[in-house]
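In our numbering, each number is its position in the first sequence, counted from 1, plus 715.
Just so you know, even glycine gets a beta-carbon here, dropped at the ideal spot from N, CA and C.
Let me begin by presenting the structure, written as structure tokens, before commenting on it.
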Amino acid sequence: MAEYDSQGIEAKWQKIWEDQHAFDAVDGDTSRLKYYVLEMLPYPSGTLHMGHMRNYTIGDAVARYRRMRGFNVLHPMGWDAFGLPAENAAIKVGTHPRDWTNANIQEFRRVLRRFGFSYDWRREISTCEPEYYRWNQWFFLRMLEKGIAFRKKSKVNWCPECATVLANEQVIDGYCWRHETTLVEQRELEQWFLRITQYSDELLADMAKLEGGWPERVLLMQQNWIGKSRGARVRFDVDGIAGLGLEVFTTRIDTIYGVSALLVAAGHPQMGRLLEGVMGHASMEAQIKSMLQRSTKAADIATAEKEGFFTGRFALNPFSGERVPVWVANFVLAEYGTGAVMCVPAHDQRDFEFAEKYRLPVKVVVQRVSGEPLRADRMREAYTEYGQSVESGPYTGLASEQAIEKMTADAAAKKFGAGETTYRLKDWGISRQRYWGAPIPVVYCEKDGIVPVPDENLPVRLPDNVALTGLGQSPLAGVPEWVNTKCPKCGGAARRETDTMDTFVDSSWYFYRYTDPHNDRAPFEAAKVRHWFPIDQYIGGITHAILHLLYSRFFCKVMRDLKIVEHDEPISRLFTQGMVQKGGVAMSKSRGNVVGAIEMAEKYGCDTGRMYTLFAAPPEKDLEWNEQGIEGAARFLNRIYRLVEKHAGALRSAAMDWGAHVDYGAASAKEKVLMRKTHQTLKRVTNDFEGRWHFNTSIALVMELVNEIHAQEPLDQGVSPAILKSVLGITALMLYPMTPHIAEELWEMLGNPRTISQEKWPEYSEELTREERVEVVIQINGRLRGKILVDESLAEDETKERALEDARIAPLIAGKKIVKVVAVPKKLVNIVLQ
RNA sequence: GCCCGGGUGGCGAAACUGGCAGACGCACGGGACUUAAAAUCCCGAGCUCCGAAAGGGGCGUGCCGGUUCAAGUCCGGCCCCGGGCACCA
């Protein structure tokens, strides 16, 4: 008797699929519905571990299931190949980043092939190839033409460890996203930005189109990140400085009669004019300087003491005409709103704390509608709810909502203010002072300034001979023969831009390239994208909830406005799978807790690895790796292999029958049990694939089915070969999306001439799932007291009667008063006593 | 502080619309096979109390309360863990 040889079986079927071109996606096929399923492309570094594999296993199960359902499936794979680790490795061991990257890609590809994932490998892409990044540059030029790409000097996040600039999205709690212990510094640099803020509103509004298809929390995270806030801008004239007005942004203009001071940020652009000629100028300058050096660490911000000083200036409240002092306060942000706020201690907690410290007056201008009225001298904290305006001139008596509306309109009419919406989202800084990325395709000419590289000169190729030091200047600047070039406009001397693009630019549009990966005239053909897009199912980690997924949505909208795509959103459905952890933390090379995928495949076979990752937890949950668990998966596959092996000989020539046409009336008791269990399992597994993807329960169900088949041994007595073959065959078909190699092998052993990759998903028969007799639970006062087996069609009244007459129940209710009897058909009877 | 998740046996988990809590698996215990071990097969098992046993009772889904014939599931209040945002005006 042959043992289950995972290595041999897996190699065999991978070869057969390849020869069949089983996973090639067909462009322009209109006879079938298309289905684009995609896993986030990996950064090829370190080892492929079971965390990666979980992602691809989920995607592969979906891809294979959809093919069986008759879809024309696009399921590609590629490499996010630019990035810092390649450069750091180059500095450390002296290999060229390209060689290091390509070696990693080769290894990644080998491991993915060893796992037999059903990718269309003809479409493989690598973002570090000029054939790819050429189109990055092309997109950049289009954005430059549209004013979406622009250059500006500004404060940027600088990671000393990466020796480069980071986007806001790459700063987590003030630390670098790659170096969790390295504090990000602020530097003033001239940089390239993409105007993502132009799309703030649309990025927010279009989330409505993603509802239902995207996890709620991802949408919430993006919503928070964009941070829309509606309010008003109001100008306070500075007393004694003609023409100087300080604008504040507020969401609570209704509290403006309660203003005790005007607070400006230390970095406010009008600070110079404001302080000109006031007493104590020098000491104020010193305080401002120290405020500007405040820490960006989240923990520091949260605990920072509120500080400020009076500037000696006063401003005029445009509503009340009141003269209020102007203060500089450390908690006012120069980068948000207008860099100045009105201080309303009674109705803002921060202002309340500030006023307590510096003894500014507290004035209640919004009163509670019910309950104890607010009194300024008794308040322990600010009242920030809506209520009714009091002591607010002509607005007194209005509800807060109406006061906001009316005051905003009046401010606009009198030209000292206007309604305004602000966003937290900032433009995306994409310049990186590193080598291993796509060169930004512009040159600087003394005569013509910034000149885009013409399309026909793309790609601007990365030079090979670069000295990599990691010291913080762009390495490309050290390659004079590359930097010095001619101005495309005037032909005079010019210098190339030496910064490269953030690698998130590469991954913002890569999934379009899969539809037309070898196109050398355009990033892709419009018709191909029209056919395959939007992506039906995207699968990846929650870590990209903001970064990659927000950038991708932005790119799509830009491309739509460039009229090269027609849709508004690139991804219809998103699935965020949980992490694979060991010791409670995500697997990563730096933590040294990785379980290598290739070791897993070599030791147990990839089907076993796949089965375990799918079985151990539902796919959206984090999964703690457990070596013993995988033994269980191996045992199950062995068990089913032996079962089929034992009976296959007798079944090879039997007719294959899905079971739907079996003469059920004539079937033996054993056959009925087997067919019923099979179709019940098939129904629930089908529902799992169509619904919530709880592969863990699907596998549990198949295990139960196999246990049931075992329990019916001997199977060569009282079970016809046709039925047994159907039962085992359906089992193999159900396993195929999850453990494809062994499923194919079992299917072949049963004597089926075609491979499963050419087969359809079996249809269950509702008729066959039905039980003839059902177990009904009997409760007395909600407590389980007995069970009876009744005919499936037994009427409710009769079921109640049977329950009351039951030998176990009757004595328990004898002589007691029955209040009522509740019956749920086919499930339970609850007798309420007393 | 605000906004999301989550808390079920020794462990991973299941229970989809309120209806047998713990399916399936891991680990564990007992047995069969074996000279022996591994593998395999069969059986057992939430905790606890009564009983020699067969069997039976009570308790049990983070805590407290509520709705209901019936609550892991619904409602109110709290505790703990994870994630996101954060002096955002």
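If you measure between the beta carbons of residue 1140 and residue 912, is that distance less than 7 Å? yes
Let me know the secondary structure DSSP gives residue 952 once reduced to three states. strand
Tell me which same chain residues have a C-beta within less than 8 Å of the C-beta of residue 1362, skipping the five on either side of it? 1430, 1431, 1439, 1443
Along the beta strand (DSSP E) that carries residue 1213, what are the first and last residues, could you check? Segment: none, residue 1213 is in no beta strand (DSSP E) and carries neither H nor E.
Mind checking who residue 1126 pairs with in its DSSP beta bridge? Paired residues: none, contrary to the question.
Check whether residue 1052 and residue 983 have beta carbons under 7 Å apart: no
Which residue or residues does DSSP assign as beta-bridge partners of residue 1136? 945
To the nearest angstrom, how far is it from the Cα of residue 887 to the Cα of residue 990? 35 Å
Identity of the residue in 1501, 1498, 1472, 1522 nearest residue 732 by Cα: 1472
When DSSP builds the beta bridges, which residues end up paired with residue 841? 794
Would you identify the three-state DSSP class for residue 1490, choosing helix, strand or coil? strand
When the Cα of residue 1450 is compared with those of 755, 767, 783, which residue comes out closest? 783
Tell me whether residue 1005 is buried or exposed, calling it buried when 16 or more other Cβ atoms sit within 10 Å of its Cβ. exposed
Option in 1356, 1524, 1368, 1142 with minimal Cα separation from residue 1425: 1356
Over the uninterrupted alpha helix (DSSP H) stretch that includes residue 1040, give me the two end residues. Where residue 1040 is concerned, there is no enclosing alpha helix (DSSP H), although the beta strand (DSSP E) it sits in stretches over 1038-1044.
Ignoring anything shorter than 3 residues or poking outside the stretch 955-980, list the beta strand (DSSP E) runs there in chain order. 960-965, 976-979
Per DSSP, what kind of secondary structure is residue 1408 in: helix, strand or coil? coil
Residue(s) in a DSSP beta bridge with residue 1556: Here the chain covers residues 716 to 1549 and nothing more, so residue 1556 does not appear.
Measure the alpha-carbon distance for residue 1068 versus residue 1075 and round it to whole angstroms. 10 Å
Between residue 978 and residue 1070, which are expected to be in contact by the criterion C-beta below 8 Å, what is the C-beta distance as a whole number of angstroms? Rounded, the Cβ-Cβ distance is 10 Å, inconsistent with contact.
Going by beta carbon distance, what residues of the same chain come within less than 8 Å of residue 1264, once the five residues before and after it are set aside? 933, 937, 1286, 1289
C-beta contact flag for residue 1123 and residue 947 at 7 Å: yes
In terms of residues, what are the limits of the beta strand (DSSP E) holding residue 1290? 1289-1292
Pull up the distance between the alpha-carbon of residue 787 and that of residue 749, whole angstroms please. 5 Å
Short of 7 Å in beta carbon distance, which residues of its chain neighbour residue 917, apart from the five on each side in sequence? Order them along the chain. 1272
What residue ranges within the stretch 835-902 form continuous beta strand (DSSP E) runs of no fewer than 3 residues, ordered along the chain? 864-874, 879-881
Going by C-alpha distance, which of 959, 950, 1057 is nearest residue 975? 1057
Tell me which residues share the same chain as residue 1485 and place their Cβ nearer than 8 Å to its Cβ, disregarding the 5 neighbours each side in the sequence. 1391, 1507
Curious, which full-length beta strand (DSSP E) runs of at least 3 residues does the stretch 718-777 contain? 749-754
How big is the Cα-Cα spacing for residue 773 and residue 940? 29 Å
Could you spell out the range, first to last residue, of the beta strand (DSSP E) harbouring residue 1055? 1055-1058
Express the C-alpha separation of residue 1155 and residue 1301 in angstroms, rounding to a whole number. 34 Å
Below 8 Å on the Cβ atoms is my guess for residue 816 versus residue 843; work out the distance and round it to an integer in Å. 6 Å
Alpha-carbon spacing of residue 1157 relative to residue 889, whole angstroms: 31 Å
Neighbourhood of residue 1152 by C-beta, 7 Å cutoff - its chain only, sequence neighbours within 5 removed: 797, 1215, 1216, 1218
For a test of the three-state rule: what should DSSP assign to residue 1356, helix, strand or coil? helix
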